[in-house]
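Numbered by our numbering, the letters in the sequence shown go through residues 3 to 153 in order.
Here a beta-carbon is modelled for each residue, glycine too, at the ideal position from N, C-alpha and C.
Here the structure comes first, spelled out in structure tokens, and everything after it is commentary.
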Amino acid sequence: MSTDDTTLLSLVYTSKAAAPFRETALTHLLEQARSLNGARDITGMLLYRGERFIQVLEGPAHVVRRLARTIGQDARHQDMRILMEEPIEERQFEDWTMGYRTLQGDRDHAPAGFRDSFADLEDADERSTTLRALAELSLWFRVRAGQTVDA
Numbered sequence: 003m004s005t006d007d008t009t010l011l012s013l014v015y016t017s018k019a020a021a022p023f024r025e026t027a028l029t030h031l032l033e034q035a036r037s038l039n040g041a042r043d044i045t046g047m048l049l050y051r052g053e054r055f056i057q058v059l060e061g062p063a064h065v066v067r068r069l070a071r072t073i074g075q076d077a078r079h080q081d082m083r084i085l086m087e088e089p090i091e092e093r094q095f096e097d098w099t100m101g102y103r104t105l106q107g108d109r110d111h112a113p114a115g116f117r118d119s120f121a122d123l124e125d126a127d128e129r130s131t132t133l134r135a136l137a138e139l140s141l142w143f144r145v146r147a148g149q150t151v152d153a
């Protein structure tokens, strides 16, 4: 067994929906993803706002990379960009085959000086910005999902 078979990997990507997703289409996508991810030992979270996806995938490295390639070739996604890919010791989303939230709001209507972690991730060019924004979104997500969060 190679180390790629035993290494856990976290991969974060952003993509644009090729066409707007209605809630029913998102529900169908999530049902498929949760079923397949459970069988593949994949966990993570999916955020959707304004026709943009941000997703965290966790699992065996070779499985996560294969899934990312599949998503990149999926006609429902455009402009897929991998923001981070790194080995991990433990999962952040171990209880979710795919946690999901639709984010409401528009950064154009935010108060002056307001920082938008979702937008920060979309625009991130530096690793430190990506890590900070991802940590903020992960905390936001887990709090809303009712998961205990250690400070």
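- In the three-state reduction of the DSSP assignment, residue 78 falls in the coil class.
- For residue 9, the three-state secondary structure derived from DSSP is coil.
- Proximity of the stretch 32–48 to the stretch 74–91 falls short of the contact definition, fewer than three beta-carbon pairs being nearer than 8 Å.
- Rounded to the nearest angstrom, the Cβ distance from residue 60 to residue 94 is 7 Å, consistent with a contact under 8 Å.
- With fewer than 16 other Cβ atoms inside 10 Å of its own Cβ, residue 37 counts as exposed.
- Closest option to residue 50, judged by alpha-carbon separation, among 62, 71, 68, 16: 16.
- The shortest C-alpha to C-alpha distance from residue 83 to any of 96, 58, 30 is the one to 58.
- Partner residues in the beta bridge of residue 55, as assigned by DSSP, are 17, 50.
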